[in-house]
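Q: Sharing a structure here in structure tokens format.
In the working numbering, the protein residues as written are 2 to 106.
Structure below.
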């Protein structure tokens with residue numbers, strides 16, 4: 002794996018963990034989505050978990066989640082030493098948002 006691929010993999014892993022963290026702030030501890038999120042491996046989100054989360058999100062919680070992810074990415078890119086590829090990061094974020102909105106699977 003070259004340096005670029007490593008950065009891509011690192012970004013996805015960190016974004017997935019941020020996503021999972023935000024979801025755990027939204028859903029109660031006993032919710033099926035929270036249980037699915039906690040059972041996924043570190044840095045990964047299974048398609049089964051995405052299905053559970055997507056069906057559980059309301060328009061308001063989806064908007065909140067998108068806002069938190071956008072804020073996080075903007076903050077990460079504000080650091081001078083950030084080495085992530087902006088176009089890749091934004092493309093992955095948009096892909097995740099499309100999946101959550103039910104527009105892409």
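All C-beta atoms, glycine included, are put in the ideal place defined by N, C-alpha and C. Since the structure is predicted, the reported quantities are computational estimates derived from the model, not experimental observations.
(1) DSSP state of residue 53, grouped into three classes?
(2) Cβ of residue 39 within 9 Å of Cβ of residue 25?
(3) Between residue 74 and residue 57, which are expected to be in contact by the criterion C-beta below 8 Å, what is the C-beta distance as a whole number of angstroms?
(4) Within a Cβ cutoff of 7 Å, which residues of the same chain sit near residue 106, ignoring the five residues on either side of it in sequence?
A: Let me lay it out:
(1) helix
(2) yes
(3) With 8 Å as the limit, residue 74 and residue 57 do not qualify as a contact, their Cβ atoms being about 23 Å apart.
(4) Confidence at residue 106 is low in this model, with a pLDDT of 47, below 50, so the placement of that residue should be treated as unreliable; the coordinate-derived value is given next. These residues qualify, in order along the chain: 100.
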